[in-house]
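Chemist:
In mature numbering (1 follows the signal peptide of the UniProt record, and there is no 0), the protein residues as written are -23 to -1, 1 to 148.
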């Protein structure tokens, strides 16, 4: 009996490693790379991460004061932004992970995170209240945080084009 369980676990481990979607998550590795949530080269990851994070901020800003905003409002708004940016690949469950994270930040960390999501108080609040659910949902132990490059991220957000280049690079 014990050997059978070990064989099943072994086969599951092999299958999970070959699967395009993480064993416990809703996002494919390719989509996480496309969104800049997994590290490639610094410049490519930075450009993609800044672009995606700016979209998340737009969704949060759009819905932060909307009374009665539902999870569907967040998901649909994020899908719209991703489609407009050419970043939606149909992984609705993955997008749901990120829209839920946006909702969590608004619900739990709004005072600390607006207008600057890279403040230490915001990062601590997100780590405490929202990050573990996001990581579990996307099936990762960590995701890229654009605040690692806070000064450059601030310049990106305030630029008219918001383009550092490299956003279309592949891993």
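The beta-carbon is built from N, C-alpha and C at its ideal position, and this holds for glycine as well.
Grouping DSSP H, G and I as helix and E and B as strand, with all else coil, what is residue 5?
Modeler: As a working note, residue 5 is residue 28 in the chain shown. Strand, per DSSP.
Chemist: If you draw a straight line from the C-alpha of residue 126 to the C-alpha of residue 101, how long is it?
Modeler: Numbered from 1 along the chain shown, position 149 holds the residue referred to as residue 126. Numbered from 1 along the chain shown, position 124 holds the residue referred to as residue 101. Roughly 17 Å separates the two Cα atoms.
Chemist: Taking only the alpha-carbon atoms, compute the straight-line gap between residue 131 and residue 20 and give it to the nearest angstrom.
Modeler: The residue labelled residue 131 in the question sits at position 154 within the chain shown. The residue labelled residue 20 in the question sits at position 43 within the chain shown. For residue 131 and residue 20, the distance between alpha carbons rounds to 16 Å.
Chemist: Is the distance from the Cβ of residue 8 to the Cβ of residue 71 below 7 Å?
Modeler: In the chain shown, the residue the question calls residue 8 occupies position 31. In the chain shown, the residue the question calls residue 71 occupies position 94. Yes, the pair counts as a contact, with Cβ atoms nearer than the cut-off.
Chemist: If you scan the region 64 to 116 from start to end, which runs of the alpha helix (DSSP H) of 4 or more residues do you find wholly inside it?
Modeler: With a minimum length of 4 residues, the continuous alpha helix (DSSP H) runs that stay inside the region 64 to 116 are 69 to 90, 97 to 106 and 108 to 115.
Chemist: Looking at C-alpha atoms only, which residue of 103, 134 and 32 is the closest neighbour of residue 54?
Modeler: By one-based count along the chain shown, residue 54 stands at place 77. Ranking 103, 134 and 32 by Cα distance to residue 54 puts 32 first.
Chemist: As a quick exercise: from 60, 95 and 113, pick the residue whose alpha carbon is nearest that of residue 78.
Modeler: Here residue 78 corresponds to residue number 101 of the chain shown, with the count starting at 1. With distances taken between Cα atoms, residue 78 lies closest to 113.
Chemist: Of the residues 3, 117, 116 and 134, which one's Cα is nearest the Cα of residue 123?
Modeler: Taking the first residue of the chain shown as position 1, residue 123 is located at position 146. Residue nearest to residue 123 within the set 3, 117, 116 and 134 is 134 (criterion: CA-CA distance).
Chemist: When you compare the region 22 to 37 with the region 73 to 87, are there three or more beta-carbon pairs, one atom per stretch, that lie closer than 8 Å?
Modeler: yes
Chemist: Taking 6 Å as the limit between beta carbons, can you name the residues of its chain near residue 2, skipping five residues before and five after?
Modeler: The residue labelled residue 2 in the question sits at position 25 within the chain shown. If we look at residue 2 and ignore the five residues flanking it on each side, its Cβ neighbours are 115 and 116.
Chemist: Which same chain residues end up closer than 7 Å to residue 85 when comparing Cβ atoms and leaving out the 5 residues on each side of it in sequence?
Modeler: Position 108 of the chain shown, counted from the start, is the residue given in the question as residue 85. In its chain, beyond the 5 residues on either side, 102, 106 and 107 have a beta carbon closer than 7 Å to the beta carbon of residue 85.
Chemist: Near residue 75, which residues of its chain fall below 7 Å by C-beta distance, leaving aside the five closest residues on each side in sequence?
Modeler: Residue mapping note: residue 75 aligns to position 98 of the chain shown, counting from 1. Within the same chain, residue 75 has close Cβ partners 33 and 55.
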